[in-house]
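Here is the structure we will look at.
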Amino acid sequence: MERSRLLNILLVLLIFLAALVLAQMLWQLLSGFADIILLFILGWILSFVLDPIITDLALHPIPRVFLDLVQPLLGEARTKHWADLHLSRTASAIIVYLGVLVAIIIVVLLFVPPTAVQLTQIASQLPDYTARVPIVGIWIQDQLARFGIRLDIADAARNALASLQGVASTLVQNALGIFTGILTFLANLFFVVILSFYFSLDGTRVRRVLLDLVPESFQRETNYLSQSVNRTFGGFIRGQLVQALLQGVGTAIALQVLGLNYVLAASLFAALFMLIPLVGPFLALIPPLLVGLFQAPELTLWLFIALFLNQFIIINVLMPRVLSQALGLHPLLVFAAILIGIKVGGFWGAFFGIPVAGVIWAMIVFVFEGWQRGRAARSPGAGAWMGPERRLVERRRAEDSKQ
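If you count by my numbering, then the sequence shown holds residues 698 to 1100, one letter each, in order.
Below is the structure:
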């Protein structure tokens, strides 16, 4: 019986790996529809990000903190009545996605116009910045020489900015095309939100239907695989978005405190670069540092220190706790997942390599736990079996007790 269970688990793993290979082949076959497929994928990702919010709102539409504050006014009985209030998942999803649409509209109205103006100003002033490259390059070389570092970076910087100047002139000449592209992006964003709304509404029902199609002997493994995918992908995407948001806010604060210009544009690109695995933190430093170098070189060191401290807190203090709870992967496995993802799928492989590795690792742990359970059943003295969920709870309790 136990051997049959292990064979079923291994078969599920093989089916999962075969599904990944078939998905890659199907993606190559449907490459002509990549833009449409990408919209569906983004909608699916957004539903992952918002699913915990929808679930919590359905279970607790009125925050417990608010109920504790108003309990002296309402009384214990009425407060308990409001605490027991629940919403349907449909109503909760409608409220959450209406909030998302309102947030998008506010962001577009408040931030997109000034950001576009700043990008246009940067493009128009690039010739002036190019003329200042030798001065800035000499200043950087002098500062590095004080620490015994001899580098000739003026020519390299001049060539790079000359290329950027050509790109900027092209952007200015195609302003109408850029405006059309912005409208297309906003339309696609609205379409992604609509798709995500339907994914959130029907995702649970579709999963139940698919689970009913699976033979009963495989349902336990399939259900665990589904839960692992939800937890891993959702946690990873939420972690990346929080990381990018913190990077953008920290960059904006640093630039604003130092009195530098182009705060919105530099912060936006810093946040977007932060979404890129492995090299994202390095790339996120480039836009604000370029702004500092060409506006106030004497403040660049202070700007770098502020940005470095911000990234250090994000990467080494906040994010490890978030991602470790979501993935449960050792940093070496994360690094290996990124390299393998780049080899297989380029940028998107690097981005999704980490959560895919988290799912595979979760299934490996599941197989090992199944073997432990069978061993404990055959040998009562071997110790009680502890499943993945209980093991995670016990590990968190141990960490909390140490703190």
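All C-beta atoms in this analysis are idealised placements derived from N, C-alpha and C, irrespective of residue type, glycine included. None of the values given here were measured: they were computed from a predicted structure.
Item, Value
"Residue 784 - containing alpha helix (DSSP H), residue span", "Here residue 784 belongs to no alpha helix (DSSP H), and DSSP marks it neither H nor E."
"Distance CB(residue 740)-CB(residue 893) smaller than 8 Å", "yes"
"For residue 949 and residue 713, the rounded distance between their alpha carbons", "43 Å"
"Whole-angstrom distance between residue 984 and residue 820, CA atom to CA atom", "14 Å"
"Backbone CA spacing between residue 959 and residue 743 [nearest angstrom]", "29 Å"
"Contacts around residue 1037, its chain only, beta-carbon distance under 7 Å, and the 5 residues preceding and following it disregarded", "1050"
"Contact under 8 Å by Cβ, residue 944 with residue 968", "yes"
"Pairwise C-alpha distance: residue 922 and residue 748", "18 Å"
"Reduced DSSP secondary structure (H/G/I, E/B, other) of residue 912", "coil"
"Under 8 Å between C-beta atoms of residue 908 and residue 941", "no"
"For residue 1055 and residue 929, believed in contact at Cβ under 8 Å, the rounded distance", "4 Å"
"CB-CB length for residue 746 against residue 934, believed under 8 Å", "5 Å"
"Residue span of the alpha helix (DSSP H) that contains residue 989, given as start and end", "977 to 992"
"Residue interval of the alpha helix (DSSP H) (run including residue 960)", "960 to 971"
"Residue-chain proximity (residue 896, chain D), Cβ-Cβ < 8 Å", "This model lacks chain D altogether; it includes just one protein chain."
"Residue 738 (DSSP reduced to helix, strand or coil)", "helix"
"Nearest neighbour of residue 760, chosen from 769, 772, 735, 776 [CA to CA]", "776"
"Where residue 756 falls: helix, strand or coil (DSSP)", "helix"
"Proximity below 8 Å, CB of residue 736 to CB of residue 793", "no"
"Residue from 721, 962, 732 with nearest C-alpha to residue 810", "962"
"Beta-carbon proximity check, residue 957 vs residue 924, cutoff 8 Å", "no"
"Assigned secondary structure, residue 1113 (DSSP; H/G/I helix, E/B strand, else coil)", "Limits of the chain in this structure are 698 at one end and 1100 at the other, which puts residue 1113 out of reach."
"Three-way DSSP call (helix, strand, coil) for residue 1038 in this model", "helix"
"Alpha-carbon spacing of residue 1033 relative to residue 787, whole angstroms", "40 Å"
"Residue from 911, 905, 931, 981 with nearest C-alpha to residue 947", "981"
"Residue 955 - DSSP class collapsed to helix/strand/coil", "coil"
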